[in-house]
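Let me begin by presenting the structure, written as structure tokens, before commenting on it.
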Amino acid sequence: MTQPRYLQIKNEILHQLQTGDLQPEDRIPSEHQLCKQFHVSRLTVQRAIRELVSHGLLRRVQGSGTFVTNFTHRFSLIEVRDVVEEIRRLGGEATTEVLLHRRFTPHEDVLKLLELEPGTEVFHVALVQSMDGEPVAYEERFAILDVYADFLDQDFSKRSVFDYLASRSVLEDVENVVSAALADKRMATMLEIDPTEACVRVQRRNWYRGQCVTLTRITYAGTRQVLASRYRPYETEKGHLSGYPSLLRTARNEPAKTGEV
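The sequence shown begins at 1008 in this note's numbering and counts up one residue at a time.
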């Protein structure tokens, strides 16, 4: 089925954002230019631009045109890589503030996601990850006791949790869920953003030998980075994925690569 013309325009602009052809604060082609390029009406172009503005990727300036918003970082979406390594890859200085590092009994919703009985204890760490002194992500990880017995012996201000977990197990199954949400007061304080500012939340579950062994929840400050990916469509489950920043994606039945956490 042929894509609607407005969607073709929208996807072309998204592609240029992902490849870097369009950078923060760049002005995109005018509505008149896009009409000529895609042989469409002005209303069609306006619909494509309006949707990208609503996603926070473009902004209109009266009398000047439409510009790419000033997002500053791009993180891998599908693989959910180590936040620390992503910051370093971008040339930034990564710092980790450990807020909690403990063994405790979590809320029932966490135990259900870990497929554990009520009252079960798990390991838990909560961190704020910063790039060049600016918070970019709040990270929580829950791990079962028997696979990660030395969890409490680790210094996660110096060693990433990602690296530690990857060294302890070879994962067999992975589930990723990505969603958008508004920051509450607590999250706004930790990420140093305005209350009700948009955030991107990633939840990840990992299985080892048929057992769910870790639950990860990462909240990104939505105006400071874009989640993006590059992949080969035939290597993903049933078709292709777009790099759309707020894409919802579940990969429950896809085998994980060694070391993915």
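Glycine is no exception: its CB is placed at the ideal position from the N, C-alpha and C atoms.
The structure presented is a predicted model; accordingly, all values stated were derived computationally and were not measured.
- Exposed is the label assigned to S1186, since fewer than 16 other Cβ atoms lie within 10 Å of its Cβ.
- When DSSP states are grouped into helix, strand and coil, V1184 belongs to the strand group.
- Comparing C-alpha distances from S1174 to each of D1191, E1182, A1156, H1039 shows the shortest one belongs to A1156.
- Between V1117 and E1038, the alpha-carbon positions lie close to 48 Å from each other.
- By the Cβ-count criterion, N1077 is exposed, with fewer than 16 other Cβ atoms from all chains shown falling within 10 Å of its own Cβ.
- Scanning T1221, N1213, T1051, V1105 for the CA closest to the CA of D1180 turns up N1213.
- Taking each of Q1015, R1193, G1099 in turn and checking the Cα distance to L1059, the smallest one comes out for Q1015.
- Remark: C-beta atoms of V1105 and V1132 approach each other more closely than 8 Å.
- In this structure, R1034 places its C-beta atom within 8 Å of the C-beta atom of F1074.
- In this structure, R1110 lies away from T1051, with their beta-carbon atoms at least 8 Å apart.
- Check the Cα spacing between D1191 and each of V1184, R1211, A1228: the tightest is with A1228.
- Every unbroken stretch of the beta strand (DSSP E) spanning 3 or more residues and falling wholly within the segment 1037-1073 is given here in chain order: 1065-1068.
- H1108 sits close to F1163, with the two beta carbons spaced by under 8 Å.
- In the three-state reduction of the DSSP assignment, Q1161 falls in the coil class.
- Looking from the CA of I1151, the closest CA among E1019, G1063, F1045, T1223 belongs to T1223.
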